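Taking it in order: structure first as C-alpha cells, then the write-up.
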Amino acid sequence: MSMNQIQITQQLNAQQQEQVAHLFYEAFPLKVTHLWFYAKTKKQAVQLLSQSIHFEQGIYALRNEEVVGFLGYNIGKEAFTPANYVAFRNVYSPFVATWRFLCYAFYLKFHLYHEQVLHIDPIAVSEEARGHGIGKLLLSKLEQVAINKGITKINLEVVDTNPSAQKLYERFGYMLQKELKSGPFTAKAGFKKVIFMQKCLDNTNSSIQSE
2 MSMNQIQITQ QLNAQQQEQV AHLFYEAFPL KVTHLWFYAK TKKQAVQLLS QSIHFEQGIY
62 ALRNEEVVGF LGYNIGKEAF TPANYVAFRN VYSPFVATWR FLCYAFYLKF HLYHEQVLHI
122 DPIAVSEEAR GHGIGKLLLS KLEQVAINKG ITKINLEVVD TNPSAQKLYE RFGYMLQKEL
182 KSGPFTAKAG FKKVIFMQKC LDNTNSSIQS E
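See below:
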C-alpha cells in the first residue's frame, strides 16, 4: 500500500460512517463489551455507535473510498462518541438501556476536560492497513485541526497492553503525564493500567517528528 493511495478527510458519506462504526468495534472489542457500552454482539455495538458518533469530530483515512483508519477527538465537553440515551434506547430494553447509558456517562466524565484541549478518543487503523504510516497521517492532521482552532494541547490515553502505541506517541512528542492502575476493574477490557500523555503545540507550526 502506497501512502499516496490514502486520502485524509473529515467528510464521510453514510456508508463510510457505518464502516467507521464497524472499525471502531473491530479495533476495541473488549472495551466495547466490558467497559464502554457492554454490548453483547457486534450488531448491537455497530448500531449504537452509528447513532452516537459525532462524525464531524473525526479525521478519516480512505483507500479507494473505504475507511481504513480514523481518529476521533473530544474537544472540551464535546465527545466524539457522547452518551446518547436515545441511541441506547434504540438498541436495548428500557432498563438495560438506562444502566448502560449511566455507566458510559460516568466513564465519559473522566475523559472530558474543562479547558479547551483536544483529547484523542480513539484512534484505530484496520488490521490490513497497519504499518503504512496511516497513524502518522491522522496525528499530523489532528495537529492542523488543533492549530486552526487555536488549541495548544492534545491529550491521549494508552493502555499498558499496547506498548508499541506508547512508543509511537513518544516519537511524536507526546509526554507522559501520569499513570493510573485500574487493576481488576478493567481486566476484562484487556488492560490493568492507563498511561496519560500530552503534547503541547506552539500554535504556529506543527512539531510532529518524522518516524
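Residues in the sequence shown are numbered from 2 upward in steps of one, following the numbering used here. All residues carry an ideal CB built from backbone N, CA and C; glycine is no exception. The structure presented is a predicted model; accordingly, all values stated were derived computationally and were not measured.
For P123, the enclosing beta strand (DSSP E) has its first and last residue at 119–126.
In the three-state reduction of the DSSP assignment, L72 falls in the strand class, which pools E and B. When the Cα atoms are used, K194 and R64 turn out to be separated by approximately 34 Å.
Just so you know, the alpha carbons of R90 and T99 end up roughly 8 Å apart. CA-to-CA, the gap between A46 and F38 works out to about 7 Å. Boundaries of the alpha helix (DSSP H) harbouring R172: 164–172, taken from the DSSP string. DSSP links I148 through a beta bridge to no other residue.
Cα atoms of V118 and K179: separation of roughly 17 Å, rounded to the nearest angstrom.
Close CB contacts of D161 within its chain, under the 8 Å cut and outside five residues either way in sequence, are with F192, K193, K194, V195, I196 (chain order).
Comparing C-alpha distances from Y74 to each of H35, N156, L13 shows the shortest one belongs to N156.
Inter-segment contact for the stretch 66–81 and the stretch 139–154 is present: three or more beta-carbon pairs are separated by less than 8 Å.
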